[in-house]
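Down below is the structure, laid out as structure tokens.
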Amino acid sequence: MRPTRIVAIAIVGLVAAACGGTTTPQASGAPTAGGSAAPAVSKALNIGFTNSQTGAQQVASTKQTEGIKLWVDQVTKAGGIKLKDGTVLMPKVTFYDDGSATDRVQQLYTKLINDDKVDVLLSPYSSSLVKAAAVVSEQNGKVMITAGGADDATMEQGFQNIYQVYSPGSKYLTGAIDLMLKLDPSIKKVAIVNEKDSFSVSVVTAAKPYAESKGLQVVVNQGYDTGTTDFAPFINQIVAAAPDAIIGGGHLVDGTAFAKALKEKNVSARFVALLVAPPEPTFADIGDAANFTVGPSQWEIPFYGITSDSFTSAYRAMFNSAPSYHSAGGFAAGLILQRALEDAGSTDPAKLRASLDKTDVMTFFGRTKFSTDAKTHGKQVAHDMVYIQWQKGSDGKLAAQVVWPTEAKTAEAQLRK
Amino acid sequence: MSLEALIPSAIDGLMLGFVYGLAAMGLTLIFGVMRVINLSHGPVIALGMFVVYTLFTGPLGVNPYLGIVAALVIGLAFGVVEYFVALDRVINAPELTTLLATFSVNLMIIGIATSVFTTTPRAVDVSLGSVGIGNVTVLGTHAVAVLVAIVVAAGLYGLLFRTRVGKSIRAVANNRAAAELMGIDSRRMLALAFGIGTSLAMVSGALLSTLFPFNPLSGTGYEVKSFVIVVLGGLGNPTGALLGGIVIGLLEGVTTVFIPVSWVPVLEYVIFILILLVRPAGLLGARA
Chain A
201 MRPTRIVAIA IVGLVAAACG GTTTPQASGA PTAGGSAAPA VSKALNIGFT NSQTGAQQVA
261 STKQTEGIKL WVDQVTKAGG IKLKDGTVLM PKVTFYDDGS ATDRVQQLYT KLINDDKVDV
321 LLSPYSSSLV KAAAVVSEQN GKVMITAGGA DDATMEQGFQ NIYQVYSPGS KYLTGAIDLM
381 LKLDPSIKKV AIVNEKDSFS VSVVTAAKPY AESKGLQVVV NQGYDTGTTD FAPFINQIVA
441 AAPDAIIGGG HLVDGTAFAK ALKEKNVSAR FVALLVAPPE PTFADIGDAA NFTVGPSQWE
501 IPFYGITSDS FTSAYRAMFN SAPSYHSAGG FAAGLILQRA LEDAGSTDPA KLRASLDKTD
561 VMTFFGRTKF STDAKTHGKQ VAHDMVYIQW QKGSDGKLAA QVVWPTEAKT AEAQLRK
Chain B
978 MSLEALIPSA IDGLMLGFVY GLAAMGLTLI FGVMRVINLS HGPVIALGMF VVYTLFTGPL
1038 GVNPYLGIVA ALVIGLAFGV VEYFVALDRV INAPELTTLL ATFSVNLMII GIATSVFTTT
1098 PRAVDVSLGS VGIGNVTVLG THAVAVLVAI VVAAGLYGLL FRTRVGKSIR AVANNRAAAE
1158 LMGIDSRRML ALAFGIGTSL AMVSGALLST LFPFNPLSGT GYEVKSFVIV VLGGLGNPTG
1218 ALLGGIVIGL LEGVTTVFIP VSWVPVLEYV IFILILLVRP AGLLGARA
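Going line by line, the protein sequences match chains A and B. Each number in the numbering used here corresponds to the 1-based position in the first sequence with 200 added. Each number in the numbering used here corresponds to the 1-based position in the second sequence with 977 added.
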């Protein structure tokens, strides 16, 4: 066989292997019991989900899982979820490592439903994984509360069993544009560079026409593949187009690398807002590159009063780290489930759905209400975003400040310097 | 489309091209000497990244650039061991056999590395500042990567063309039977050549770790790119591989000014197919 032919065969094989998702062959973690011993009169409430203990979504997913664990811990300590008929449900969570891979999510949600016989499901973290889990949940008629999935497309499939806690992606950057124009009405040119996953695309699909409706000119509009690490080609285009503002990003790893590259290449845009990465406390690890970067958040500590303080204190005590909105989202998913169970008085999916459909509740996470429209059933319609900005304090240390909406702000928003 | 981005994009691409070229030199050297298509190339590139990462984040906090030296040495040793474990007994078998042998090593490395390090992205946090002229900003880390790539490539040439060992390796590559008749231990030379090729892959991985985040699967993309470069430059021709790397890097940089970035890999594979169809010997011609 000619060498060139063998090389061709080899390259086709490698590309096929890469496309096939040779991601993480790591074995799933053992099911983890989340509660302590239940009282004799109680009944176990089996809750299943996957999380990303490995892979690209590991950091945010871990935060979400910690939020869920904290909810389980608090419910257990409070004696369980008390139903109207006197039954006490003691939550017991079973979760596996999905490796941040959609194929693993589909396998594991099938296992959770068919082998582990869970009563109800929570979602994995990130929109693409939620989408994969939602299909399996819907096919099996299992109610799933989604915490870490915000893209609009998943919630516009007419699913009857999926309920979204987060504000949908279409709301993520529109507020940032309002904030930007309030901060500096002279801003005219904006660059949009975003990850090409379903979540980020749904964000930009809403943000771009919104920016244009405000009279802004979109001078760069590029998407990058998931897993991109080299942002130089995008930044060179941004520099050439000289925008006043940059919005976009995707998730933690790429968003952090993008922000770092913007600083390294001395990009002079006056306003930068990126998805997902800035609200994570670890974003501050990139130092000066984090300064002045704005990020949309589903929840921030000062926004909703004393209950948030209790959540934060309990979280710090249990995990010895600061919670992010992903942590709060995980806890909120449990809380919404708890309230629906108490209201339904049963784990029966039909009764649970009926209860969730009429949910309109204010928690520490904000207001939660689900669409009951046939096409957008379960989509979040009441929760609002807040925006944080990393700012250096007088002590020279970076801190995430709430800058929007104004009634919740802890500091004034600032343009980049 | 913005021509203002052309020069900075070309410079960024050119700089990255040297690192691509270094990785491809390892692949083509192994093929040129022993006609083995090394499918463990990608995971070895990723191992180079983790050598630097492990030393840097370990208790000693070894400077990443010292870690590159460690990667060079570890790569050489790893390659020699890999040769004797996976290839020595099948070296005279048809090319498909050695290809599958190295593919087995590929799977083993990925399996072990993902178990140990997981697929969580890692980064070596190193910054050497930047130099800006007009709208061109050259990062220190990229400039050093180019310098190291040039030094290592020059070292390889010094070894191959200025030393007795290099002469022996070339003799084995040209005619193994004749080399053995001249008293050259061909088995040892093959092992050494495989070690050097692996070392080059590991060094390129080590350099890439100072530029971008990575995980144990990151090598696959660079491996595929190396194949394109090797075919472009000419199979078995290290000079061609370096030149091919520079061409592909430059192409990546320049084309992003005119077409969306996500189309660049498509363009690369189109070039790959065209080279195979029109000039299968590559730009500089294959070297047996």
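Ideal Cβ positions, reconstructed from N, Cα and C, are used throughout, including at glycine.
| Query | Result |
| --- | --- |
| Contacts of lysine 465 of chain A in chain B (Cβ-Cβ under 9 Å) | Pro985, Ser1107, Gly1109, Thr1114, Leu1116 |
| CB contact flag (asparagine 394 of chain A, glycine 427 of chain A, <8 Å) | no |
| Phenylalanine 1033 of chain B at chain A interface by Cβ criterion, 8 Å | no |
| Residues bridged to phenylalanine 483 of chain A (per DSSP) | Per DSSP, none; premise fails for phenylalanine 483 of chain A. |
| Separation of glycine 1111 of chain B from aspartate 298 of chain A, as counted between CA atoms | 46 Å |
| Three CB pairs or more closer than 8 Å across the stretch 531-546 of chain A and the stretch 306-325 of chain A | yes |
| Of the listed residues A:Ala554, A:Ala611, A:Thr606, A:Val603, nearest to isoleucine 362 of chain A (C-alpha basis) | A:Ala554 |
| Glycine 566 of chain A, DSSP secondary structure in three states | strand |
| Proline 1041 of chain B vs valine 1113 of chain B beta-carbon contact at 8 Å | no |
| Residue-level contact to chain C via CB, glutamine 306 of chain A, 8 Å cutoff | In the structure shown, chain C does not exist; the protein chains are A and B. |
| Beta-carbon spacing of valine 581 of chain A, serine 594 of chain A below 8 Å | no |
| Bridge partner(s) assigned by DSSP for threonine 294 of chain A | A:Gly248 |
| Cα-Cα separation, glycine 341 of chain A to threonine 547 of chain A | 12 Å |
| Closer than 8 Å to chain B by CB, proline 433 of chain A | yes |
| Identity of the residues DSSP links to isoleucine 1086 of chain B by a beta bridge | Answer is none; isoleucine 1086 of chain B lacks a bridge partner. |
| Any chain A beta carbon closer than 8 Å to glycine 994 of chain B | no |
| First and last residue of the uninterrupted alpha helix (DSSP H) at serine 337 of chain A | 327-339 |
| Cβ of tyrosine 424 of chain A within 8 Å of any chain B Cβ | yes |
| Anticipated Cβ contact below 8 Å, glycine 267 of chain A with phenylalanine 531 of chain A, distance rounded | 4 Å |
| Neighbour-count burial assignment, alanine 987 of chain B, 16 or more Cβ in a 10 Å radius | buried |
| Leucine 1212 of chain B CB to nearest heavy atom of the ligand FAD below 7 Å | Looking at this structure, you won't find the ligand FAD or any other ligand, since it has none at all. |
| Short Cβ contact (8 Å threshold) for lysine 414 of chain A with isoleucine 438 of chain A | no |
| Separation of phenylalanine 1080 of chain B from aspartate 1065 of chain B, as counted between CA atoms | 15 Å |
| Residues that DSSP places opposite valine 320 of chain A in a beta bridge | A:Ile247 |
| Partner residues on chain B for serine 513 of chain A, Cβ-Cβ distance less than 9 Å | Simply none; closest approach about 29 Å. |
| The stretch 1170-1181 of chain B contacting the stretch 1005-1017 of chain B, beta-carbon criterion three pairs below 8 Å | yes |
| Assumed close pair methionine 1026 of chain B, phenylalanine 1191 of chain B - CB separation to whole angstroms, cut-off 8 Å | 5 Å |
| Under 8 Å between C-beta atoms of aspartate 989 of chain B and asparagine 314 of chain A | no |
| Reduced DSSP secondary structure (H/G/I, E/B, other) of aspartate 430 of chain A | coil |
| Interface flag, alanine 982 of chain B vs chain A, CB-CB below 8 Å | yes |
| Residue of A:Thr482, A:Gly369, A:Ala353 minimising C-alpha distance to alanine 599 of chain A | A:Thr482 |
| Integer Cβ distance of glutamine 364 of chain A from lysine 575 of chain A, believed to fall under 8 Å | Rounded, the Cβ-Cβ distance is 14 Å, inconsistent with contact. |
| Same chain, Cβ closer than 8 Å to leucine 1076 of chain B, neighbours up to 5 away in sequence not counted | Val1013, Ile1014, Leu1016 |
| Own chain partners of isoleucine 1269 of chain B with C-beta closer than 6 Å, once the 5 adjacent residues on each side are dropped | Look at the range of chain B in this structure, 978 to 1265, and you will see that residue 1269 of chain B is not part of it. |
| Residue-level contact to chain A via CB, serine 1176 of chain B, 8 Å cutoff | no |
| CB contact below 8 Å: proline 1237 of chain B versus chain A | yes |
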